[in-house]
Amino acid sequence: MKIYLILILLIVGSGLNLPSVSMKAKKDTSEISYSASHSLHDWTGVNKDVNAVIVLDDTGNTIQKVAVSAMVSGFDSQNSSRDSHALEVLESLKYPKVQFVSTSISQQNEELDVKGNLTFHGVTKPVQFKAIAKKKDKGLEVEGEIPVSLEAYNVERPSFMLVKTEDTIKINFHLEFYP
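If you're matching positions, the sequence shown starts at 16 in the numbering used here and goes up one per residue.
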């Protein structure tokens, strides 16, 4: 509950004009994943414990803001040794969360052009990406992908057999928001 309060304060404090409608991500159907590559294999880690809030205009048709937060320790790649090493490399005790807060969202029907700040490994950088938003029941489903350079966020790339992983990982998200 505390994280939702912080996310709402971040959004409201950013100067949005009210009235607006906010919705939280549904925990059992929302997830963030990362995909990483090494010359010998590829893998994906999934986090199903995502905290996210979206703010719509008063008509409920236009997305104005979004904030997302997840614990680094929540990602599961189905390999406990790899996950443990990732927590070391990402210094998860020092930098326990990955967070995104939008600064602008352009919406053309279901297509979104999103700009915002991604905080990862203690470094905050502006990012821009495309996403798709679809109405679902009384809520909204949002999906997209963000390419992230590990080196840009001061993350030492892990190595296996003296070969480092690729620098770019892909952050994929599937978020379902309901009032």
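The beta-carbon is built from N, C-alpha and C at its ideal position, and this holds for glycine as well.
{"Item": "Contained beta strand (DSSP E) runs [length at least 3] in the segment 26-99, N- to C-terminal order", "Value": "35-40, 46-53, 56-62, 65-72 and 78-86"}
{"Item": "Proximity of A82 and I47 at Cβ, strictly below 8 Å", "Value": "no"}
{"Item": "The segment 61-73 / the segment 35-46 touching (three or more Cβ pairs under 8 Å)", "Value": "yes"}
{"Item": "Which of helix, strand or coil DSSP assigns to Y168", "Value": "helix"}
{"Item": "Inter-residue spacing [alpha-carbon to alpha-carbon] between I120 and T77", "Value": "9 Å"}
{"Item": "Integer-rounded CB distance, given that L190 should sit under 8 Å from V113", "Value": "Rounded, the Cβ-Cβ distance is 14 Å, inconsistent with contact."}
{"Item": "Inter-residue CB distance, E171 and I147 (contact presumed, cutoff 8 Å)", "Value": "Rounded, the Cβ-Cβ distance is 33 Å, inconsistent with contact."}
{"Item": "Best match in K149, E156 and E181 for proximity to V163 [C-alpha to C-alpha]", "Value": "E181"}
{"Item": "Cα-Cα separation, L31 to V116", "Value": "Reliability of the predicted coordinates at L31 is poor, the pLDDT of 46 falling under 50, and the value obtained from them is presented with this limitation in mind. C-alpha separation (whole angstroms): 13 Å."}
{"Item": "Backbone CA spacing between V61 and T74 [nearest angstrom]", "Value": "33 Å"}
{"Item": "Own chain partners of L24 with C-beta closer than 6 Å, once the 5 adjacent residues on each side are dropped", "Value": "Since pLDDT at L24 reaches only 48, below the 50 mark, its modelled position is unreliable, and no value is offered."}
{"Item": "For K145 and K109, the rounded distance between their alpha carbons", "Value": "30 Å"}
{"Item": "Beta-carbon spacing of K130, Q143 below 8 Å", "Value": "yes"}
{"Item": "Same chain, Cβ closer than 7 Å to S54, neighbours up to 5 away in sequence not counted", "Value": "V178"}
{"Item": "Helix, strand or coil at E160 according to DSSP, with G and I counted as helix", "Value": "strand"}
{"Item": "L108 (DSSP reduced to helix, strand or coil)", "Value": "coil"}
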